[in-house]
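Once you know that position 206 of the sequence shown is 212 in the numbering used here, the rest is easy, because the numbers rise by one and skip nothing. For reference, the structure is listed below as structure tokens.
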Amino acid sequence: MDSPPASPASRRARALPELCLDLGALEHNVELMADWCHAHRLELCPHIKTTMTRPVVERQLSAGAWGVTVATARQADIALSWGVRRILIANQVVHPTDLALLRQRLDATPDLQLYCLVDSAAGLRYARAALTGAATPLRILVDVGVPGGRTGVRTALEAYELGAAVAKAGDGLLLAGVAGYEGVRPNHRDAATLAAVDTHCRTTADAFASLAPLYQTPRPVFSMGGSAFPDRVADTAADLARRCGDLPLAPVLRSGCYVTHDHGTYAQVSPLPGLRPALTVRAAVLSTPEPGTAVVGAGKRELPYDAGLPVPLAAYTATGTPRPVARATAAQIYDHHLVLTDAQGLDVGDIVDLGISHPCSAFDRWPDIAVTDGDGDVREVWHPQFHL
């Protein structure tokens, strides 16, 4: 395990377990991604369901983000309460209560640019019924999916037919573009996966191009999402811009996990060099019941585990002295316990820093985030807001 510098007194004084966010790493990632998107002529609309944390989102917007992406109408409402005025809901909205909320916000907020996805005639009917006569129209993106995947029409022809129906829907709705999601493919960069990602990106681009005469907004959106394959999206968007000639399309990337990166799945697959993992969970060793085994006081309630178990990064004594020879491997996770095997140099009461995999499964577990400086000292406490 590595032993980054930190204040022993600060480490002793803090309640454990805790989620720590390295502010320097986060701000570095925000700037790096903004620069990368600018260089590749992409608009960045980060998927903020990763963090739902206002200070994070404000930094992304200050760095030039085109808007924000959310997963639900309620998340859109939170973003609106933070002052965001361009919001993309990366889902089809069908529940009457959610559609009524969108209608209320569009009627009350003239400068709101609100986008959502549609992938069926039924979804279009629900949206049309709820939005007819809205003071500010809802902008519709036709959702293009993959066979065996999640939502979305499966072919460019289906996308054209649905988009044409949106264009004829009348007031309250505008055909504003096409969206896909290449992240449904496994997060691996083998040849077969990359070929499948490229095929989906091309199908989505074909759907966009076929609808070019029908768009009802000045700058129609071609949007793809995911943090594993942004380079493939950039290539497809550049090709699409050449194909569409004078059409002033907005190539919108919805990546979200880049902002904190991780020590697991995205560390292995992201094509962007230089991203830094910003999240760790700090916890105490509760038990060493057998030689080579240590049990840490953090589990499924505190740690993401859907994309791999945490990675032990560093260890310290209870008084904050580094244990540079400590070693261990996460092997089993329970509600509030993580079992480490092949453990060396760890005693009961020691403190362990754990790197996590998949930040989307981290923030919603914690009401408080300890924001740390380069010395590991807490400078602020941030609060994710998944509910109003």
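Where is the CB? At the ideal position from N, CA and C, for every residue including glycine. Predicted, not measured: the structure shown is a model, and the values here were computed from it.
Residue i in three-state terms, based on DSSP
| i | result |
| --- | --- |
| Arg156 | coil |
| His393 | coil |
| Gln222 | coil |
| Arg385 | strand |
| Cys51 | coil |
| Ala234 | coil |
| Val76 | strand |
| Thr22 | A small fix is needed here, since residue 22 is Leu in this sequence, not Thr. Coil, per DSSP. |
| Leu217 | coil |
| Pro11 | Bear in mind that the predicted position of Pro11 carries a pLDDT of just 49, short of 50, making it too unreliable to give a figure here. |
| Leu180 | strand |
| Val450 | The question about residue 450 has no answer, for the chain in this structure spans 7 to 394. |
| Val100 | coil |
| Ala368 | coil |
| Thr56 | helix |
| Ala141 | coil |
| Ala376 | strand |
| His206 | helix |
| Gly4 | As displayed, the chain neither begins before 7 nor continues past 394, which places residue 4 out of reach and without an answer. |
| Ala242 | It should be pointed out that residue 242 corresponds to Thr in this sequence rather than to Ala. DSSP places Thr242 in helix when its eight states are reduced to three. |
| Asp196 | coil |
| Ala175 | coil |
| Arg111 | helix |
Cross-strand partners of residue i (DSSP beta bridge)
| i | result |
| --- | --- |
| Ser229 | Ala185 and Val258 |
| Ser87 | BP columns for Ser87 are empty, so no partner. |
| Val322 | Strictly speaking, residue 322 in this sequence is Tyr, with Val absent from that position. Partner(s): Pro328 and Ile357. |
| Cys122 | Ile95 and Ile146 |
| Gly251 | DSSP output for Gly251 lists no bridge partner at all. |
| Ile362 | According to DSSP, which records beta bridges pairwise, Ile362 is partnered with nothing at all. |
| Gln350 | Arg333 |
Whether residue i touches residue j by CB criterion (8 Å)
| i | j | result |
| --- | --- | --- |
| Leu346 | Val302 | yes |
| Arg282 | Ala31 | yes |
| Phe228 | Gly169 | no |
| Leu246 | Ala368 | no |
| Leu123 | Leu259 | no |
| Leu253 | Val291 | no |
| Pro52 | Ser261 | yes |
| Leu394 | Asp83 | yes |
| Leu137 | Leu144 | yes |
| Val100 | Tyr121 | no |
| Glu24 | Ala320 | no |
| Val275 | His343 | no |
| Arg288 | Ala256 | no |
| Ile339 | Tyr311 | yes |
| Val74 | Ile95 | no |
| Gln350 | Ala332 | yes |
| Glu33 | Arg65 | yes |
| Thr56 | Pro277 | no |
| Ala173 | Thr209 | no |
| Thr378 | Leu29 | yes |
| Arg134 | Ala175 | yes |
Chain-order list of residues whose beta-carbon lies under 6 Å from that of residue i (same chain, five-residue window excluded)
| i | result |
| --- | --- |
| Ala165 | Val148, Val150, Val159 and Ala213 |
| Met39 | Tyr264 |
| Phe235 | Glu188 and Val203 |
| Pro11 | Note on Pro11: pLDDT 49, under 50, position unreliable in the model; no value is reported. |
| Ser293 | Val301 |
Contact set for residue i: own chain, Cβ-Cβ below 7 Å, skip 5 residues either direction
| i | result |
| --- | --- |
| Gly314 | Gly270, Thr271 and Ser363 |
| Gly139 | Asp177 and Gly178 |
| Phe392 | Met58 and Asp370 |
| Asp117 | Arg91 |
| His206 | Val152, Gly186 and Glu188 |
| Thr396 | The question about residue 396 has no answer, for the chain in this structure spans 7 to 394. |
| Ala240 | His46 and Leu48 |
| Ala79 | Ile95, Val99, Asp104, Leu107 and Leu108 |
| Ala218 | Cys250 and Leu253 |
| Ala243 | Leu48, Phe228 and Pro257 |
| Val190 | Val152, Gly155 and Arg156 |
8 Å Cβ shell around residue i - same chain, five flanking residues per side excluded
| i | result |
| --- | --- |
| Asp113 | Ala140, Ala141 and Thr142 |
| Trp72 | Glu49, Leu50, Cys51, Arg92, Ala256 and Val258 |
| Thr299 | Val345, Leu346, Thr347 and Ala349 |
| Arg20 | Arg288, Ala376 and Val384 |
| His44 | Gly70 |
| Ile54 | Val62, Val63, Gln66, Val74, Thr75, Val76, Gln81, Ala85 and Gly262 |
| Pro328 | Ser9, Ala320, Ala321 and Tyr322 |
Scan the segment 25–51 and note each continuous alpha helix (DSSP H) run of 4 residues or more that stays entirely inside, going in chain order.
-> Those alpha helix (DSSP H) runs which fall completely within the segment 25–51 and span 4+ residues are 29–45.
Go through the segment 272–346 residue by residue and report every complete run of the beta strand (DSSP E) that reaches 3 residues or more, in order.
-> 285–293, 300–302, 317–322 and 333–339, all fully within the segment 272–346.
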